[in-house]
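As structure tokens, the structure follows; a few thoughts come after it.
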């Protein structure tokens, strides 16, 4: 104990050894060198003889000789104990070595390095004798840090000296572990890393890698294995900066293994330190540590420091660091997997491979994060998230070769294939999964014991619920039928097994969603109500207990939509209102993503968008259009500033001053320097929901103020689509394309007014409707009716907006009220004047709209007022007409002053300062979240290029056809045709892309998995809209031809069937001639042939009888008319039995007319009463426009 002073200064010990080697006589130096080599190479039999020779020729080194002889005896003792496998091996042999070594260490004349070696040997002996405290006391006398630091400066020291220092670090750390000082042990091991790094670097020369001697290799590998094991256990609780330091140890281990490829169990026979750690265990600890760092979502600067990223721009550093993080984890993933598969055998049928399944679990956990919302494609390197999913699939299939009927691997194959939109492969895995579960549960019922290799009941139910969701959301009728089968099987599982309340709620929701979708597509009208009732019962069960905000909103959406379809409007309204109120009341923090983005993810608000939309349609079904419009505004206002929702490139003042279009702000932001908006983190289905809300806004505007008012802002709908999706033919890039024209270079398209131009007219212009407009207001309205705005003319072109009619006046239709019960036929509203159309309210255009053309051109951009205040989920208030005029005069002025703040305004209502989102400003004290989105959050499917293009094209075609409908109802028929032409160009482009992949008729007729519509359905939509325009032009025979073309592409198209039936019934009632007049566009000879001859085209089975059979001897003209009536009846009878037409009041009204024309008055009355019931609960737009058209949120 008293020899610590004799070891100082330790900085010269290694240099002293070198001088001794050169200063001894020739034989002594030679024998000393041979002794060092024998020890380094573990040639223990040669050491006693070499020690004798050193003792003879170097009598000044007695301590070294004693230490070497003692080490040989220790090795012999360890070997004997290993062979006998008895812990009771006599220890008197090595215990007798303690006293001589202790006495020799007190000799102050001994070489300091010899004392170092003797001290380490003595500590080793204490450790072997299970005296850790004595060993630690002895080893604490050595300043290993100073010795290793001096050794780094003297890199010519032999390997034996290196192994002595490393052995000292290992023994000291091990004794600290055994005495409960784990943190100190980690510090000791970490202190050895610089010395180990130097040794590894010395072993790597320009001539290649030099394999370390066995003695040094043995001690070094044990240090790495023990340190990495301790770090992996504590990584979860280490601070972020300490995690980066801990990873350096693993990286040095990887470098050590690369240059010293010796695998297998560390040999502990000659160390006495029981380790039993395989190299693959250390690799797994490395992988687990990287996974913990990934899960913690470290801040950007700390990511950069942890993954060795050089100084660069802050945002670029984050991307580069994340790429390095992904690359490192993938490299370690490969190393561990190769060892695991190489060293693992295929299990027996009654066994399970736990290590492989734990490995798969860890891989899937990381995959969820990489493919989740907190990581972007550019941060994952080449291939992005799709490449990550492909790599995981390969791992799963390789892991399946080392497991026997693993339900876990099948479940993950289903999930990962689903994320790649490979639904056929996903459900093959799911079918195999269900088969194994059924067989396993059957065996468990017979034996009374549950098999350990099967998933638990909760997991099985959650997996089946996910399958039902996918089948209903992305499948067609056949998939919905399969979803019904799966939900029925879930019902059986629930009745037999006891599951957790959370799993039961999710299962009930899936069962309700399955019934709701099946009620839509079933052909049995008599059972539809019963199926819907079952769905409502299951969904109400799922709503009985309090859920998380996310689960609660999902269930409420499904239940509310189903209640709406069953016309329980009051119940649906109360439910949606309560859920929205609860969601806002329980919301504490909108940020669930990584802190480095410094952007809230708005997960709650994103889920509520569809609920706001559904509530708006529910109110529209009660004719409360003003409140419905405010609800649409609230769906956007809940995000606060529009810059948060859509992103912003430059400041508002700069955008206002230059007045230029920021094209890159309208595109996806591939550059990491560009601030992203919430929409850039939305899934495609969420973006489609945003577009649907905007369409509903315009439809509400049309109802309240007429189609012309909606046309004035229809360019905003195209701008919104452009911002969200870009070019449908380019999945990730925004380029000029057919159907998307450049936005006008006016202030209405600048970043400053971007939110207003996309989300519709400012709240200030949505004023309360006045009953008695002034003369000035009427003059303004007349002035505005003479020409459209410049923005409209530039955005919508093509088609070219023709604003002057043949009589020199612009035609303007009256507001279209879709809730008039009868009739249901479309009709052009060209008879009323603009003053008659808007006599009940003043136009909402600001005062500056009247004036010269130049003034219109200069001030058209002021249609987009500044973004509304950061809102909550409270319905926004409207302003008076005077407020609109006063505020509109100041919009867009560079010197515009901020409005004064009322003195009685609460402090929390004052706008927050610049750069802050809260009032009063709040410091961000959040810690990194654990697992973003929770462990059950699964990445949404990422569709192939063609399917993604199909979805975007379908939506854009719907947008153009909606605009065409606005023009038609405003009697701007040429413009309507131009909008239809744009939709047709898009369909032609999609048809060409589909034909390049497959030219079969099935490829055009079926949409396949995913959202969107098939090519044939899109063609049917285009031709049906052309038929509506032809009807508005008083060209019924031309409309009939277009409707026929629509049905030729899609036999059950509702709008085409209703339109065609109206024309056919008009022919039967002789309102129009059966044949077109001479010289007209179309010939209807082919379309008016008897229904039996058109059975294949109309998709009829011939089972229904005509409502009024014909008599023999009728003239050809009469037969032609009757055939037209019969065809209309068969078409309508079939449509009203389908899921797309059972609640279509227009189709039922046409069917009632067919009954009336055939003399069946009682049936006509019955159908008309049903029409009245449907109309009482009919929304402004169909319920299917909410979200993506399914009951899944």
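Numbering (this note's numbering), first residue to last: 1300 to 2492. A virtual CB, placed ideally from N, CA and C, is assigned to each residue, including glycine. Here the structure is a predicted model, which is why all the values come from computation and not from measurement.
For residue 2308, the closest C-alpha among the options 1594, 1718, 1977, 1994 is that of 1718.
Residue 1822 counts as exposed, since fewer than 16 other beta carbons sit within 10 angstroms of its beta carbon.
For the 8 Å CB-CB criterion, residue 1401 and residue 1422 do not form a contact. With 16 or more other CB atoms across the displayed protein chains lying within 10 angstroms of its CB, residue 1812 is buried. Residue 1463 places its beta carbon 8 Å or farther from that of residue 1424. Within 10 angstroms of the beta-carbon of residue 2294 lie fewer than 16 other beta-carbons, which makes it exposed.
The continuous alpha helix (DSSP H) containing residue 1437 extends over residues 1431-1438. Collapsing the DSSP output to three states places residue 1996 in a helix. Comparing C-alpha distances from residue 1698 to each of 1690, 1708, 2437 shows the shortest one belongs to 1708.
Between residue 2348 and residue 2319, the C-beta spacing is below 8 Å. Residue state for residue 1624 is assigned as helix, using DSSP reduced to three classes. In the three-state reduction of the DSSP assignment, residue 1359 falls in the coil class. With respect to the 8 Å criterion, residue 1768 and residue 1852 are not classified as neighbours on the basis of their beta carbons. At the C-beta level, residue 1916 and residue 1995 come within 8 Å of one another. Restricting attention to 2013, 1703, 2474, the CA atom closest to the CA of residue 1922 is found in 2474. Across the set 1461, 1416, 1429, the C-alpha of 1416 shows the shortest separation from the C-alpha of residue 1441. Around the CB of residue 1647, fewer than 16 other CB atoms lie within 10 Å, so the residue is classed as exposed. Taking a contact as a CB-CB distance under 8 Å, the pair residue 1526 and residue 1485 counts as one, their CB atoms being some 7 Å apart. Around residue 1354, the same chain offers 1360, 1361, 1364 as residues with beta carbons nearer than 8 Å, after the five sequence neighbours per side are excluded.
Around the beta carbon of residue 1645, a 10 Å sphere encloses fewer than 16 other beta carbons of the protein chains shown; the residue is thus reported as exposed. Within the same chain, Cβ atoms closer than 6 Å to the Cβ of residue 1865 are found at 1831, the five residues on either side in sequence being excluded. Closest option to residue 1375, judged by alpha-carbon separation, among 1351, 1346, 1399, 1358: 1346. When the beta-carbon positions are compared, residue 1513 and residue 1634 stay at least 8 Å from each other. Taken through DSSP and simplified to helix, strand or coil, residue 1485 comes out as helix.
Straight across, the Cα-Cα distance linking residue 1660 with residue 1641 is about 19 Å. Of the residues assessed, residue 1825 falls on the exposed side of the cut-off, its CB having fewer than 16 other CB atoms within 10 angstroms.
The continuous alpha helix (DSSP H) containing residue 1684 extends over residues 1683-1699. The closest CA to that of residue 1773, considering only 1790, 1721, 1799, is found on 1721. Three or more Cβ pairs closer than 8 Å define a contact, and the stretch 2259-2268 falls short of that threshold against the stretch 1726-1742. At a Cβ-Cβ threshold of 8 Å, residue 1761 and residue 1736 do not count as neighbours. The beta carbon of residue 1330 sits closer than 8 Å to the beta carbons of 1349, 1352, 1353, 1356, 1357 from its chain, once the five residues preceding and following it are set aside; these are given in chain order.
A check of alpha carbon separations from residue 1519 across 1496, 1413, 1928 identifies 1496 as the nearest. Per DSSP, residue 1658 is one residue of the alpha helix (DSSP H) stretching across 1653-1669. Taken through DSSP and simplified to helix, strand or coil, residue 1901 comes out as coil.
In the three-state reduction of the DSSP assignment, residue 2484 falls in the helix class.
Burial state of residue 2433 is buried, judged by a 10 Å Cβ sphere holding 16 or more other Cβ atoms.
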